[in-house]
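Student: What follows is a single structure, and I will ask about it in a moment.
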Amino acid sequence: MSIYDIKVQKADGTEYDLSEYKGKPMLIVNTATKCGLSNQFDSLESLYKKYKDEGLVVLGFPSNQFFQEPGNGADAEQACRMSYGVTFPMHEMVKVNGSEAHPLFDYLTTNSKGLLSKKIKWNFTKFLIDKDGNIVKRYAPTDNPTEFDEDIKKLLNE
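Taking my numbering, the leading residue of the sequence shown gets 276, the next gets one more, and so forth.
The following block contains the structure:
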C-alpha cells in the first residue's frame with residue numbers, strides 16, 4: 276500500500292484519492308483552529324502561496340482528538356478561511372490516533388517515527404511527502420513551517 280491508495284474527503288464531502296497529487300510534494304497537517312499553535316496557519320498559507328505554482332500541496336485535516344476543534348470539517352474550513360485566510364485544501368474532521376484513526380494518519384504514523392512514539396502527540400504535527408509518495412520528514416507540532424523552506428526546495432528540485 277502507498278499513500279496514493281488512500282481516499283480522503285474534503286470539507287464539502289467530495290471524496291478523492293491522494294493519487295491526485297502524484298508527482299507533487301505534499302505537506303500534510305492535522306489542524307485545530309482553537310489550538311494555541313493555530314498561528315501556524317499563517318506560515319502554512321505562506322508556504323503554500325510561495326510554492327504552489329512549483330507543485331507543493333499543503334493539506335489540512337482538522338481533528339478534535341485533542342478537544343480544540345469544535346464542530347465539523349466544514350466549520351473548521353470556514354474558520355480557517357475567515358480567520359487565517361487559508362486557501363490550501365481543508366478536509367473532513369478526522370481522528371489521528373487510535374483504532375478509529377483515519378487511514379491516512381494510520382499510514383503516516385505507522386511509516387514514520389515521532390520523538391519517543393509513533394503516536395501523534397498534538398495538533399499541527401506535519402508530514403512532508405516527496406513527489407513519489409515517500410514520507411521524507413515528520414515535524415513536531417511546535418516546529419514552525421517557515422523553517423521548512425530548504426526541505427521543500429530540495430523536494431521541488433528533485
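Using N, Cα and C, we set each Cβ at its ideal position, and we do this for glycine too. Fair warning: this is a prediction, and the values are worked out from it, not measured in the lab.
Distance check for K428 and H366, CA to CA, integer angstroms please.
Tutor: 25 Å
Student: In angstroms, rounded to a whole number, what distance separates the CA positions of K396 and L319?
Tutor: 19 Å
Student: Would you mind giving the Cβ-Cβ distance between N398 and F316, rounded to the nearest angstrom? I have them listed as a contact below 8 Å.
Tutor: That belief does not hold up - the Cβ atoms of N398 and F316 are roughly 11 Å apart, past 8 Å.
Student: For R413, which option in Y291, E422 and L383 has the closest C-alpha, if you only look at C-alpha atoms?
Tutor: L383
Student: Do you know offhand how far P217's Cα is from D426's?
Tutor: Since the first residue of the chain shown is 276 and the last is 433, residue 217 is not available in this structure.
Student: Should the region 364-381 be called in touch with the region 279-290, which here means at least 3 C-beta pairs below 8 Å?
Tutor: Because the criterion of three Cβ pairs below 8 Å is met, the region 364-381 and the region 279-290 touch.
Student: The beta strand (DSSP E) that contains M301, what's its start and end?
Tutor: M301 to T306
Student: Looking at Q343: is its Cβ nearer than 9 Å to the Cβ of K394?
Tutor: It is not a contact, given that the beta carbons lie outside the stated cut-off.
Student: Can you tell which of D350, A351 and P337 has its C-alpha closest to the C-alpha of A376?
Tutor: P337
Student: Does DSSP put Q315 in a helix, a strand or coil?
Tutor: In the structure shown, Q315 sits in a helix (DSSP, three-state: H, G or I).
Student: Name, in chain order, the residues that DSSP records as bridge partners for Q284.
Tutor: Paired residue(s): E290.
Student: Threshold first: 3 residues or longer. Then list the beta strand (DSSP E) segments lying entirely within the region 332-375, N to C.
Tutor: 332-337
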